[in-house]
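In what follows, a structure is listed as structure tokens, so that the remarks can point back to it.
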Amino acid sequence: MEKKPIKVIIVDDHPVVLQGFEYMLQDVKDILFTGKFADAATALGYLQHNAVDVVLLDINLPDRNGIDVCAAIRQLHADMRIIAISNINEYSIVQRMLTAGANGYFLKNASADEVVGGIRKTMEGEMAFSKGIQDILNGHKTGDLPIVTRREKEVLALLAAGLSSIEIGERIFISPLTVESHRRNLLQKFKVTNVAALIHKATEMKYI
Numbered sequence: 001m002e003k004k005p006i007k008v009i010i011v012d013d014h015p016v017v018l019q020g021f022e023y024m025l026q027d028v029k030d031i032l033f034t035g036k037f038a039d040a041a042t043a044l045g046y047l048q049h050n051a052v053d054v055v056l057l058d059i060n061l062p063d064r065n066g067i068d069v070c071a072a073i074r075q076l077h078a079d080m081r082i083i084a085i086s087n088i089n090e091y092s093i094v095q096r097m098l099t100a101g102a103n104g105y106f107l108k109n110a111s112a113d114e115v116v117g118g119i120r121k122t123m124e125g126e127m128a129f130s131k132g133i134q135d136i137l138n139g140h141k142t143g144d145l146p147i148v149t150r151r152e153k154e155v156l157a158l159l160a161a162g163l164s165s166i167e168i169g170e171r172i173f174i175s176p177l178t179v180e181s182h183r184r185n186l187l188q189k190f191k192v193t194n195v196a197a198l199i200h201k202a203t204e205m206k207y208i
């Protein structure tokens, strides 16, 4: 049975960016470009009545901060993938966007391969970053607290409560495979190799 295409919309107030991403994605076999929106209000209005798989979201919108929009989308659709697109490559902004619930962050000069690959990666439950952003995250000093998304915080708390991947999936309405992906990401971010060590370290660092 053929898989359904990944439905994608983009929210950005620059016509050239909207057209560029539409052109980039329109002929990709497993992606269905569903719409483009120039402001937050129109996009959120659309998402109140329509579900898509991935939202490509600019951070600087004319009517609302993209970080706040990310959190608003999370309230509407808990499992929708949100990827920030921006020219801003500051670590603090990337961190704030991820904390608001984004599944990835691309610079607007990212290649088509990076964007398409990143969209597919988020659909598998992983985080996705363009090379420029990944370099910033890798190069940031290791003493800082790990960047943990809202969903990862939920999984972390339920792991600490002793729930299995199946039970966590049932509790927050995601698949066990997605739970396992979040668990692997958490182990990597906290630099530990098992759940017991993860819970211990996360407790020490006040994440639980």
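Residues 1 to 208 in full-length UniProt numbering are what the sequence shown lists, from first letter to last.
Each residue gets a CB set at the ideal place from its N, CA and C atoms; glycine is no exception.
All values reported here derive from a predicted model rather than from experimental measurement.
So what does DSSP say about residue i, is it helix, strand or coil?
i	result
Phe-190	coil
Thr-34	strand
Leu-177	helix
Leu-56	strand
Arg-81	strand
Leu-159	helix
Val-28	coil
Gly-104	strand
Ile-88	coil
Lys-7	strand
Asn-138	helix
Ala-128	strand
Asn-185	helix
Just to confirm my understanding: we take residue i, look at its own chain, exclude 5 residues before and 5 after, and list those with CB closer than 7 Å. What are they?
i	result
Ile-82	Val-55, Leu-57, Cys-70, Ile-73, Gly-101, Ala-102 and Asn-103
Ile-88	Ile-59
Leu-192	In the sequence under discussion, the amino acid at residue 192 is Val, which differs from the Leu named in the question. For Val-192, where only same-chain residues beyond five positions count, the Cβ hits under 7 Å are Leu-198 and Lys-201.
Ile-85	Asp-12, Leu-56, Leu-57, Asp-58, Phe-106 and Lys-108
Gly-45	none
Is the Cβ-Cβ distance between residue i and residue j less than 8 Å?
i	j	result
Val-8	Leu-25	yes
Ala-110	Ser-130	yes
Lys-189	Val-148	yes
Ala-128	Gly-139	no
Leu-163	Arg-151	no
Among residues of its own chain, excluding the 5 on either side of residue i, which ones have a beta-carbon nearer than 8 Å to its beta-carbon?
i	result
Glu-22	Ile-10, Phe-33 and Lys-36
Got a sec? Which residues, its chain only, sit under 6 Å from residue i by beta carbon, not counting five neighbours each side?
i	result
Arg-64	Ala-40
Please report the Cβ distance between residue i and residue j, rounded to the nearest whole angstrom; I am assuming they are in contact, meaning their Cβ atoms lie under 8 Å.
i	j	result
Val-116	Leu-159	Val-116 to Leu-159, Cβ: 32 Å. No contact.
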